[in-house]
């Protein structure tokens, strides 16, 4: 059906009774998924690329190369946490992949150690971490992690 709208021609498909109109374009969706024992990026590469799995690293928005977003101890901790989230989602759909589960356990240990080291140098990252300190001021104290300078606080 052709309709005139402000002097322009516009093609419209009628949607009746919840059926797809014959004039609607068809699309073939493809959803990539991880295979068991898929190749994985390092934690820094995963954070840079937005996925742990190279097979899922599709060229969205014509992005040829990932920028290096990992810089400093807080970013290293974020990269570890990103990998844990990605591996956790993979394990939700591949619970029998014992190699991936062992890798998850290794990264979880690395994240715990990294968080403890970071918090011992810069203070708690979360309010609940402040419960393990002597004073609530350890949570409120400056500088905040994003205000850190090279070589330490402030």
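Residue numbers (the working numbering): 2 to 155. Glycine included, every Cβ here is placed at the ideal spot set by N, Cα and C.
Exercise. For residue 47, is the beta carbon positioned less than 8 Å from some heavy atom of the ligand NAD?
Worked result: No copy of the ligand NAD occurs in the structure displayed, which carries no ligand at all.
Problem set entry | residue 121: first and last residue of the uninterrupted alpha helix (DSSP H) it sits in | 99-123
Exercise. By the 10 Å Cβ neighbour count, where 16 or more other Cβ atoms means buried, how is residue 125 classified, buried or exposed?
Worked result: buried
Problem set entry | Meets three-Cβ-pair contact criterion under 8 Å: the region 110-120 and the region 68-87 | yes
Exercise. Roughly how many angstroms lie between the CA atoms of residue 128 and residue 72, to the nearest whole one?
Worked result: 24 Å
Exercise. For residue 41, does the count of other Cβ atoms within 10 angstroms reach 16, so buried, or fall short, so exposed?
Worked result: buried
Exercise. To the nearest whole angstrom, what separates the beta carbons of residue 37 and residue 98, a pair I think is in contact under 8 Å?
Worked result: 5 Å
Exercise. Contact check, residue 47 vs residue 83 under 8 Å by CB: the rounded distance?
Worked result: 6 Å
For this session: Measure from the alpha carbon of residue 88 to the alpha carbon of each residue in 139, 39, 141, 138, then state which is nearest.
Result: 39
Problem set entry | Beta-carbon proximity of residue 130 to residue 137, cut-off 9 Å | no
Exercise. When you compare each of 86, 49, 74 to residue 108 by their alpha carbons, which one comes out closest?
Worked result: 86
Problem set entry | Straight-line gap, residue 139 to residue 123 (C-alpha atoms, nearest Å) | 9 Å
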